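No gaps in the numbering here: position 84 of the sequence shown is 83 in numbering that gives the first Met the number 0, and each next residue is one more.
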Amino acid sequence: MKIEARFVRSAASAGDLPDDGLAEIALIGRSNVGKSSLINALVRQRLARTSGAPGKTRLVNIYRVERGSAPPFYLVDLPGYGFARGGSDDLAAVARDYFPAHRSRRALAALLLVDSRHPGLPSDIEAWRWLRTRVEGVDDISIVATKIDKLARGERIRAMRELESVLDAPVLPASAATGEGLDELWKLIERLANPNRRSSSPPPPPRDNPQAAAAPAARRPRRR
Ligand code: GTP
Ligand code: MG
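Written as structure tokens, this is what we have:
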């Protein structure tokens with residue numbers, strides 16, 4: 000299938016983020032986990048800069064992607080966390096701001112990338128928890144285990160089991176190096192990027208929070 004992808008811009012602050020309503024799928028994960036490599040593997044181009052040294056991606060890099068006849072969307076490469084800059088393990092402010100604490104009209108989904116060789120790192124568990132407070136629906140976040148090519152078959156099974164058990168969610172194994180798992184990942188991305196997925200979801204349950212009830216009706220409430 001034909002894939003067209005291009006770099007749009009690097010955002011240093013929330014003001015530079017897209018506001019045209021196209022779906023955004025952000026890749027988030029520790030430095031060096033393989034976010035930029037996975038974007039390149041998905042779009043089959045060397046668009047995003049990768050490096051063996053952690054902390055390569057320091058800004059929010061935005062790519063516009065069109066695959067086949069599906070509507071265009073953005074793949075967003077976020078700076079990695081766990082990169083000890085000034086001793087801080089925190090997520091860079093620009094990555095944090097990417098997921099607004101308040102409701103916005105941006106259609107956000109996230110792929111949390113974890114290294115298949117290191118299941119259950121505290122920073123990944125923390126990122127997973129935090130993401131679920133920021134991304135609107137649990138269905139809008141998926142977890143990908145990267146660099147699966149580095150594990151032998153038996154190790155893969157063990158690592159995937161452990162990951163799914165610590166994160167208590169399904170995890171998709173993938174490799175930017177061999178292309179393994181990319182077809183499944185594309186299916187997932189197409190679902191996340193589909194602007195109709197919100198309107199086709201079941202009617203929301205009644206809100207029990209009066210503040211939430213005052214929010215614009217077009218937004219789906221959190222399901223947690
Ligand atoms: P930051 O920008 O620092 O946050 O890192 P990143 O998450 O974007 O990682 P990047 O894509 O730059 O990859 C880091 C290193 O891992 C590079 O040396 C890549 O070649 C390697 N790498 C990434 N994905 C894979 C993979 O699927 N398999 C293997 N074997 N190596 C990979
Ligand atoms: Mg990167």
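Each residue gets a CB set at the ideal place from its N, CA and C atoms; glycine is no exception. Since the model is a prediction, treat every value here as computed from it, not as a measurement.
C-beta contact flag for residue i and residue j at 8 Å
| i | j | result |
| --- | --- | --- |
| Val170 | Gly119 | no |
| Ser141 | Leu187 | yes |
| Tyr97 | Leu21 | no |
| Leu26 | Leu77 | yes |
| Glu225 | Ile147 | One cannot answer for residue 225 here, as it falls past the ends of the chain, which runs 0 to 223. |
| Ala100 | Leu111 | no |
| Leu181 | Ala173 | yes |
| Leu184 | Val134 | no |
| Gly167 | Thr145 | The question names Gly, but residue 167 in the sequence shown is Asp. No. Outside cutoff. |
| Phe6 | Leu58 | no |
| Pro158 | Arg116 | Sequence inspection shows Ala at residue 158; the Pro mentioned does not correspond to that position. Contact: yes. |
| Ala109 | Glu189 | no |
Same chain, Cβ closer than 6 Å to residue i, five either side skipped, listed in chain order
| i | result |
| --- | --- |
| Gly85 | With a pLDDT of only 41 at Gly85, under the threshold of 50, the placement of this residue in the model should not be trusted, and no figure is reported. |
| Gly81 | Arg29, Ser30, Asp88 and Ser122 |
| Leu37 | Ala175 |
| Thr49 | Ser35 and Ser36 |
Residues of its chain near residue i, where Cβ-Cβ distance is below 8 Å and the 5 sequence neighbours each way are ignored
| i | result |
| --- | --- |
| Pro71 | Leu21, Arg63, Val64 and Glu65 |
| Ala213 | A caution first: Ala213 carries a pLDDT of 42, below 50, which makes its placement in the model unreliable, though a value can still be read off. Once the five neighbours on either side are set aside, Ala213 has no close Cβ partner at all. |
| Pro225 | No answer is possible for residue 225: it lies beyond the span of the chain, which begins at 0 and ends at 223. |
| Asn39 | Arg45, Leu46, Ala47, Thr49 and Ala175 |
| Arg43 | Ile2 |
Classification of residue i by the beta-carbon crowding that lies within 10 angstroms, buried from 16 upward
| i | result |
| --- | --- |
| Ile61 | buried |
| Pro254 | Here the chain has residues from 0 to 223 only, and residue 254 is not among them. |
| Val137 | exposed |
| Thr56 | buried |
| Glu23 | buried |
| Ala52 | exposed |
| Asp19 | exposed |
| Gly67 | exposed |
| Gly79 | buried |
| Ala92 | exposed |
| Glu3 | exposed |
CB contact check: residue i to chain D, cutoff 8 Å
| i | result |
| --- | --- |
| Glu65 | In the displayed structure, chain D is absent; only one protein chain is listed. |
Sequence-distant residues of the same chain with beta carbon closer than 7 Å to residue i, five excluded per side
| i | result |
| --- | --- |
| Lys1 | Gly67 |
Quiz item: At what residue ranges does the stretch 58-144 contain a whole run of the beta strand (DSSP E), taking only runs of 3 or more?
Solution: 59-66, 72-76 and 107-114
Self-check item: Cβ pair count under 8 Å reaching 3, the stretch 9-17 against the stretch 28-40
Solution: no
Self-check item: Unbroken stretches of the beta strand (DSSP E), 3 residues or longer, contained in the stretch 20-56
Solution: 23-28
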